[in-house]
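Step one of this worksheet: look at the structure below.
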Amino acid sequence: MTAVDERPIAEVGAARLRKEDALLITGRTRWTDNIVLPGMLHLAMVRSPYAHARITSVDTAAARGSSGVVAVLTGRDVADSQGSLPCAWPITPDQKAPPHPAVAVDTVNFAGEVVAVVIARSVAEARDAMELVNVDYEDLPVVLDLEAAVAEGAELVHPDLGTNVSARWVFDSAEAGTGSNVEDAIAAARQDGVLLERTFRQQRLIPAFMEPRSVVVDPTGAQLTMWSATQIPHILKLMLALTCGVPENQLRVIAPDVGGGFGGKLQVTPEEVITLLAARHTGKPCKYTETRSESLMAAHHGRDQVQKITLAATRDGRVTGLKVELLANMGAYLGLVTPGIPILGAFMYNAIYKFPSYRFDCTNVFTTKAWTDAYRGAGRPEATFAIERIMDELAHELGQDPLEVRERNWIRHEEFPFTTVAGLQYDSGDYEAATAKARELFGYDELRAEQVRRREAKDPVQLGIGISTFTEMCGLAPSRVLGALSYAAGGWEHASVRMLPSGKVEVVTGTSPHGQGHETAWSQIVADRLGVPFEDVEVLHGDTQISPRGLDTYGSRSLVVGGIAVLKAADKVIEKARPIAAHLLEANVDDLEFHAGRFGVKGTDKGMGIGEIAFAVFSSHNLPDGVEPCLDADATFDPVNFSFPHGTHLCAVEVDTETGAATIRSYVCVDDVGSVVNPLIVEGQVHGGLVQGIAQALFEEALYDESGTLVTGSFVDYLVPSAADVPSFVTARTETPSTTNELGVKGVGEAGTIASTPAVVNAVVDALRPFGVNDVTMPCTPHRIWKAIHGQDTATPATPSSAQSVAEQVEGGQA
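Start counting the sequence shown at 1; every next residue gets the next number (the working numbering).
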């Protein structure tokens with residue numbers, strides 16, 4: 001038996017414990033707030049208590065004279081140097097985008113906007129002096145309600161724009177040539193079919209990451225160095241250079257250990273710009289770390305949409321048309337990708353179903369609230385929620401089982417690859433297999449029988465069964481597609497593989513993890529490809545000096561884009577080593593085979609390990625003529641398509657009709673994420689996603705009072721669930737490999753969040769069907785459920801009160 005035959009089980013697919021966790025659980029991580037530099041100063045932000053006001057004066061004299069204070073900067077002080085925070089996604093040529101200052105100069109447009117910054121020798125001194133800054137404001141009218149913001153005569157957030165509408169973006173299948181005219185389908189359904197109109201509300205959510213945002217800037221070296229708790233060090237470096245006028249080659253950005261992001265750290269923040277300006281102003285290192293209340297109030301929020309959905313179907317339950325009219329809340333400003341978030345959902349409302357016609361009409365609206373941007377799933381959870389809710393409504397209208405109605409309309413496994421009415425090509429999937437497995441694990445038929453018995457007995461605790469059969473587009477990447485959508489950046493990813501003389505391997509990745517387990521998964525990929533031990537692979541990331549090229553981490557893109565770049569770089573290492581191995585083995589290149597880390601000569605026992613070749617390259621004593629002494633390789637991968645994970649989630653909820661309390665009794669999900677690199681990591685991602693989606697359904701909501709002040713500004717009021725508030729999950733997988741990358745992998749980071757919210761809400765509504773309830777506005781709190789049961793939930797929308805569409809209001813000049 002040879003060494004090749006003794007090769008252990010493949011790393012890819014193995015349930016490896018994460019390399020990252022040893023540091024995390026022993027406290028040896030290094031968060032941004034842990035960084036202490038000689039002479040470092042500390043910042044405190046003075047924030048507006050008003051949602052909309054004119055700044056009439058800022059008196060900083062008392063604060064400047066306070067103990068330990070080095071400087072106080074106002075918007076006027078930095079007006080010429082702060083630039084405007086970037087928006088990288090102008091979705092239409094005529095999109096309206098007001099300047100977005102890091103420090104407000106003349107006007108504040110949401111409660112929590114920075115109006116001054118105190119720089120002091122300690123955090124305590126900075127915060128004490130912050131209280132001494134006296135700002136006079138002149139109240140302006142607030143704009144808080146989406147529908148009111150586009151109504152005729154509405155108060156304006158930015159009067160210079162003349163409207164609260166930032167942009168309108170439309171996709172029409174008839175115009176695009178991907179389907180027929182949806183109005184014809186609606187007219188036919190109204191005449192001789194089934195026509196459903198529903199309005200759903202996506203409440204405003206806050207990415208409540210574990211580690212608050214933090215930033216340190218050191219201006220004392222040859223380069224200006226920034227450490228930031230960010231998901232996007234490479235994008236941040238470029239945008240800071242463009243915004244603040246720092247030469248890009250003189251700026252280094254480092255994302256050290258980052259404690260979660262969920263899209264909330266996919267941003268160029270005012271605080272990053274301010275800390276950079278403060279460091280340049282003082283010539284000393286400066287640090288800012290937000291409090292939790294600041295994080296909840298002033299970090300960007302997510303979701304916040306009103307969705308008017310019209311579904312046309314035949315009387316036997318076959319869908320014929322889908323029309324989506326969307327109002328999307330931008331908040332006060334446009335952030336890095338704010339306008340594009342609802343547009344990502346445009347391609348997912350049709351979901352797994354074969355709609356012949358489709359129209360998506362989105363209006364982006366300014367209000368005097370914190371701006372919105374990416375939040376786990378980014379546009380796709382909103383779309384999945386709407387379509388899965390209305391598919392349940394269709395089943396109820398027809399008096400049919402909601403699983404049967406879905407099956408009647410979904411894409412069959414033999415129809416892949418399938419081009420959808422939204423113009424995407426789904427490369428692989430098997431919705432039947434995932435649903436059959438979920439149904440069996442859930443005990444679907446038995447639970448339906450129990451539901452009937454409890455309804456007949458008029459049990460005060462009713463059982464509801466919720467369904468979500470979903471797919472999503474992820475691996476946010478194809479550069480040509482992003483370009484067609486007017487996104488400013490590409491979607492490629494870069495990686496390097498370095499062979500060290502000792503045989504150890506360094507992997508440099510352009511992705512920037514913040515909990516995903518890249519170090520483990522990338523080590524598994526490289527260990528398998530190069531045939532080296534898992535422990536011998538070191539993964540470097542998050543430092544633009546070490547990893548000079550990359551597009552970072554978001555949109556479930558890390559594995560399906562960044563991981564494939566790593567794979568391709570490893571393959572290049574093998575190809576660079578091949579002629580050297582042939583020379584050292586005195587063989588023809590064509591006679592070599594590479595397996596389990598060794599080059600062998602076919603038909604002989606002659607061979608060399610990749611580590612031996614690495615040392616031979618280092619010594620360079622005996623290399624082929626014209627071959628450079630280097631095995632290191634770079635690769636950049638830009639996929640040709642998104643990846644399309646899918647799955648079926650089933651949820652059983654018990655609702656106490658006397659109190660409105662909803663309790664999840666069981667939850668089963670079967671996800672298909674293609675080939676799996678590490679099942680433990682996949683399981684962790686699914687669990688985390690489920691909890692965030694369930695939290696939207698039952699717990700979380702960012703609420704403002706009538707003056708525009710956030711009233712859920714702490715974890716006392718903004719209800720993030722604990723482990724005690726969520727059930728144990730039954731999770732399983734089916735596997736249809738992706739056809740667009742060599743590993744066959746699909747994204748997984750956002751799947752749980754996308755699928756779980758409609759499953760839970762469908763279960764709650766299903767439990768309340770005997771009471772004539774067809775919706776409960778999220779989050780489905782006991783109070784809202786009780787009001788729905790008793791017909792008092794005025795927030796429960798069924799049929800829109802006006803036949804005039806949002807688009808017609810905008811076109812008619814009422815916005």
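Ideal placement from N, C-alpha and C gives every residue a C-beta, glycine not left out. In this text the structure is predicted, and so the values were computed from the model without any measurement.
C-alpha gap between residue i and residue j, whole angstroms
i      : j      : result
Arg76  : His234 : 30 Å
Ala616 : Val532 : 17 Å
Val711 : Thr368 : 15 Å
Gly193 : Arg315 : 5 Å
His300 : Ala346 : 22 Å
Ala587 : Thr520 : 36 Å
Asp605 : Ser619 : 25 Å
Ile525 : Ala328 : 40 Å
His413 : Pro49  : 55 Å
Gln685 : Phe729 : 13 Å
Ala51  : His281 : 29 Å
Asp571 : Val748 : 25 Å
Glu147 : Cys474 : 31 Å
Tyr288 : Val105 : 21 Å
Residues that residue i bridges to, as DSSP identifies them
i      : result
His42  : Ala120, Lys287
Ala834 : Examination of residue 834 is not possible in this model, given that the chain is present from 1 through 815 alone.
Trp410 : Tyr353
Gln305 : Gln202, Ala328
Thr384 : None; Thr384 has no bridge partner.
Ser496 : Val508, Asp634
Gly321 : Ala312
Thr419 : Gln425
Thr372 : His301
Gly600 : Glu593, Gly607
Spatial neighbours of residue i in its chain, beta-carbon cut-off 6 Å, leaving aside the 5 residues before and after
i      : result
Ala10  : Asp528
Leu703 : Val711, Thr712
Phe171 : Ala346, Phe360
Ser173 : Gly179, Ser357, Tyr358, Val421
Arg455 : Pro770
Ser802 : Interpretation of Ser802 is limited by its pLDDT of 32, a score under 50 that renders its predicted location unreliable; the figure taken from the coordinates is listed afterwards. So the list is empty, once near-sequence residues are dropped.
Ile274 : Ala102, Val117
7 Å Cβ shell around residue i - same chain, five flanking residues per side excluded
i      : result
Asn164 : Val143, Ala149, Val150, Ala154, Leu156, Val157, Val365, Phe366, Ala815
Ser547 : Val508, Thr509, Gly510, Leu540, His541
Gln545 : Arg252
Ala767 : Gln462, Leu463, Gly464, Val653, Val655
Ser479 : Gly490, Gly491, Trp492, Asp638
Glu20  : Gly517, Glu519, Thr520
Residue range of the unbroken alpha helix (DSSP H) whose run includes residue i
i      : result
Trp31  : Note, Trp31: premise wrong, no alpha helix (DSSP H); not H, not E.
Asn350 : First-last for Asn350: undefined, no H or E at that position.
Arg453 : 444 to 456
Ser84  : Premise fails: Ser84 is in no alpha helix (DSSP H) and is neither H nor E.
Thr275 : 270 to 282
Thr731 : Counting along the chain, Thr731 falls outside any alpha helix (DSSP H), though it belongs to the beta strand (DSSP E) covering 730 to 733.
The beta strand (DSSP E) enclosing residue i, as first and last residue numbers
i      : result
Ile465 : 461 to 471
Met608 : 607 to 609
Gly647 : 646 to 656
Asp671 : 662 to 672
Ile55  : 53 to 59
Ile254 : 251 to 254
Asp136 : 134 to 139
Residues near residue i by beta carbon distance below 8 Å, same chain, minus five either side
i      : result
Ile91  : Ala167, Trp169, Pro339, Gly340, Ile343, Asn364, Leu485, Ser486
Glu683 : Thr731
Ser428 : Phe416, Pro417, Phe644, Gly674, Thr736, Pro737, Ser738, Thr739
Met330 : Ser166, Thr338, Pro339, Asn364, Val365, Phe366, Thr367, Trp371, Thr372
Ala332 : Asn109, Phe110, Glu113, Val157, Phe366, Thr367, Thr368, Lys369, Ala370, Trp371
Ser122 : His42, Gly68
Residue-chain proximity (residue i, chain B), Cβ-Cβ < 7 Å
i      : result
Ile613 : Protein chain content of the structure displayed is limited to a single chain, and chain B is not contained in it.
Residue i: CB within 6 Å of a non-hydrogen atom of the ligand ATP
i      : result
Arg127 : You won't find the ligand ATP in this model; it holds no ligand whatsoever.
**Prompt:** Should the segment 695 to 702 be called in touch with the segment 779 to 788, which here means at least 3 C-beta pairs below 8 Å?
**Reply:** yes
**Asked** Do the segment 264 to 277 and the segment 381 to 399 touch if we need at least three Cβ pairs shorter than 8 Å?
**Response** no
**Prompt:** Would the segment 511 to 529 and the segment 540 to 554 be scored as touching if the rule is three or more Cβ pairs under 8 Å?
**Reply:** yes
**Item:** Inter-stretch contact (C-beta, 8 Å, three-pair minimum) for the segment 21 to 36 and the segment 255 to 262
**Value:** yes
**Message:** Does the structure place the segment 210 to 227 close enough to the segment 287 to 305 that three or more beta carbon pairs sit under 8 Å?
**Reply:** yes
**Item:** Touch test, the segment 438 to 454 against the segment 625 to 644, Cβ-Cβ under 8 Å, three pairs minimum
**Value:** no
**Item:** Any 3 or more C-beta pairs closer than 8 Å across the segment 51 to 61 and the segment 125 to 144
**Value:** The segment 51 to 61 vs the segment 125 to 144: in contact.
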